[in-house]
Structures are given as C-alpha cells and as structure tokens.
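Visitor: Let me begin by handing over the structure; questions about it come next.
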Amino acid sequence: MNLSETPSLIRVVLVDDAPDIRRLLRISLRTHGGFEVVGEADNGTEAVALARSLRPDVVVLDLGLPDIAGQEVLIQIRASVPETKVVIFSGLETVDRAWLVEHAAGFVLKHTDLEYLIKLLESVGRQESRRQAQFPLEPQLRCVAAARRFLFQTLTDWEVTELYGDSVIVVSELVTNAITHAPSPGELRLSLLPDVLRVAVTDAGTGAPEPRHASSTREGGRGLYLVNALTSAWGMEPLPDGGKVVWAEVTRDAVVPEP
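So this is what it looks like as structure tokens:
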C-alpha cells in the first residue's frame, strides 16, 4: 500500500425534503467528480445534527423544510460548525436576499442551470483551509499497522506530530473495530481543522459501535472507552450508499490566523 496523501474531495451534505432533488444533486456531483456526498437530510433538525457530526466542507440547503425554517437551520449550522460553508439551493425567491448574502456562501434558485451550482460548490469548497488525507483499508488485521504508519507520516507532513500520541490509539481502535466487525474494504480519512484532528473510518457494515465493559472472560471491550476518553467527540453516521462512517476528534491547539 502506498502511504501517500491523495487529493482531497469536497465533502457535501445535501438538505432537501424532495428525494428526487437530492438524487439529482448526488448523481450530478458524482458525475462531475471532485465531490463526496457524505450525508443527506430531509428536515432541518437532521441537517443540523449531520453538520455537527460530519463537519462537511459545504451544506447545500433548501429553504422550504418541513420542520425548521431554512434561515434558522443556516444560523444553527454556522453557530455549531463555523468552518462549514452553506449554499442555499431553493425553489423560492426570498424577500430577504440581503440577509442570505451576508450569512450564506451562495444562493441559487432551482431553475438555474445545475452546472452553475456545481461550479459554485467547487469554488466554495476549495476555499477551505483544512488538510485531508485518505488511506484505503483492506479487511485484514495487518492494515492496522499500516494505518498507524500512514497516520505518523501524514502528521509529520502536516507538522503536527504532537497529536500522534492520542490519535494513534484512536486510529488503532477504529480501524480494528471496522476490520473485526465489518470485514469489508473501507477507508481511513484524516482531516486537520484549526481546533481538531478528525479521524474517520468507513466500512460496509450496518452495526453501530457500542462501548462494552471489559471482561475477565473475553479480550477487548475497552477500545471505545479509550476513544471516548481521548477525544472531544465521536460518533457514527450511515453513508448514503450503504455502510457507515465512525468518526472521532482529537483536540489540538487552535491555529490563530495571522492578521
């Protein structure tokens, strides 16, 4: 396996209560290339929860949601995940365009040529300063050691090796769980944000990870307790095309931009 950093994809969450619209956007982004749809929601409550847990580069947000007004969803996402950009994709012309221009990264009406939206998402997504790296995982335990080496090399390249002590335990536990409980090809994803190192492991399994109390009669059982102790947050989300992603965030000293 090559321990190399791959070009980062723009991670997108789609929010629209119309399944056909989400499907059209998902297919269009996949066909264009350079994007990864990491989550979908058909209501505002779920949209905010996905943004908080997945921390995507961009949220594509419809204003006409059934539970929460689109503007309120935008406010909550910006408050919870300020690094995530929100692009409005709506069938409704709004009377408060000035407010949206100030708070959203873009506004596109649904009758607009879809290529315009994709180009906007590409431009907005590439403005993110995060660093990302991905590593393919085979359903073999030897991948755990390879994942640790990939982590060390990536943190060395990013000049944040001080994060290795905690993050290597997190990577080891998440990769081991994925290989053990969902023996399928997957991927280790690292994202460096100003305040956290985000570790995410994908697999094709459907079960949810649950911490188990260690037992004198069985091996293991402590892994997710270690993950919980070493991270500021962790969780699991289903992937749109099946499988799941288990993620965890290791806190780092915030990077203050130069004036």
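Using numbering that gives the first Met the number 0, the first residue of the sequence shown is number 0, and each one after it goes up by one.
Backbone N, C-alpha and C define an ideal beta-carbon position, used for all residues, glycine too.
This structure is a prediction, so every number in the text was calculated from the model and none was measured.
With distances taken between CB atoms, is the gap from V170 to V198 smaller than 8 Å?
Guide: A contact, by the Cβ cut-off of 8 Å.
Visitor: Could you name each continuous beta strand (DSSP E) segment of 3 residues or more that falls completely within the region 114-175, going from the start of the chain to the end?
Guide: Runs found: 130-136.
Visitor: For G124, collect the residues of the same chain with a Cβ closer than 6 Å to its Cβ; drop the 5 residues on either side in sequence, then sort them by chain order.
Guide: So the qualifying residues of the chain are I9, D56, V57.
Visitor: Return yes when the Cβ of L136 is within less than 8 Å of the Cβ of P184, no when it is not.
Guide: Against a cut-off of 8 Å, the Cβ pair of L136 and P184 comes out as a contact.
Visitor: By a C-beta neighbour count over all protein chains shown, 10 Å radius and 16 as the cutoff for buried, is V100 buried or exposed?
Guide: By the neighbour-count rule (16 or more Cβ atoms within 10 Å), V100 is not buried but exposed.
Visitor: Taking L64 and D16 to be in contact with their CB atoms under 8 Å, please state how far apart those CB atoms are, rounded to whole angstroms.
Guide: The Cβ separation is near 6 Å, so the contact holds.
Visitor: What is the residue span of the beta strand (DSSP E) that L108 lies within?
Guide: First-last of the beta strand (DSSP E) with L108: 105-108.
Visitor: Using DSSP's beta-bridge definition, name the partner residues of V249.
Guide: Bridge partners of V249: L196.
Visitor: State buried or exposed for T111, treating a residue as buried only when at least 16 other CB atoms are found within 10 Å of its CB.
Guide: With fewer than 16 Cβ atoms within 10 Å of its Cβ, T111 is classed as exposed.
Visitor: Given K243, which residues of its chain have a CB within under 6 Å of its CB, disregarding the five upstream and five downstream residues?
Guide: These residues qualify, in order along the chain: M235, P237.
Visitor: Going by C-alpha to C-alpha distance, which of F34, G32, V249 sits closest to T160?
Guide: Per the Cα distances, V249.
Visitor: Who are the near neighbours of A104 in its chain, counting only those whose CB is closer than 7 Å to its CB and skipping five residues on each side?
Guide: Correct list, in chain order: K84, V85, V86, V123.
Visitor: Determine which residues share a DSSP beta bridge with E279 and list them.
Guide: Limits of the chain in this structure are 0 at one end and 258 at the other, which puts residue 279 out of reach.
Visitor: What is the DSSP secondary structure of L187, reduced to helix, strand or coil?
Guide: If DSSP states are grouped into helix, strand and coil, L187 belongs with the strands.
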